[in-house]
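A.B. asks: Got a structure here, written out as C-alpha cells. Questions coming.
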Amino acid sequence: MEYKGLVLDEFQVESINSINKHHSIIVSAPTGSGKTLVADYVIDKAINDGKKVIYT
23 MEYKGLVLDE
33 FQVESINSIN
43 KHHSIIVSAP
53 TGSGKTLVAD
63 YVIDKAINDG
73 KKVIYT
C-alpha cells in the first residue's frame, strides 16, 4: 500500500486498515519509524469527511 508516494510499512497498513474500519488505535514505534504518517492519514481522512482537526 502507498500513501503520498511512500510505500507503507506493515504497522502503517494495519493502522490505516483499522482506522478505515472505525476502530480506535494506539501507534507505538521507535523514533523515525513513520508514526506521523499514520497521523497524517487520520487528519486527511477527517478533513475529507468534513471534520475539523487540531493536531498537537
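So the mapping is simple: our numbering equals the position in the sequence shown, first residue as 1, plus 22. Glycine included, each C-beta is placed from N, C-alpha and C at the ideal position. Quick caveat, the model's predicted, so the values are computed rather than measured.
(1) Between residue 77 and residue 25, is the Cβ-Cβ spacing less than 8 Å?
(2) For the alpha helix (DSSP H) containing residue 62, name the first residue and the last one.
(3) Tell me which residues share the same chain as residue 57 and place their Cβ nearer than 6 Å to its Cβ, disregarding the 5 neighbours each side in the sequence.
(4) If you check the beta carbons only, do residue 75 and residue 34 fall under 8 Å apart?
(5) What three-state label does DSSP hand residue 49 in the structure shown?
C.D. replies: This is what the structure holds:
(1) no
(2) 57-70
(3) 49 and 51
(4) no
(5) coil
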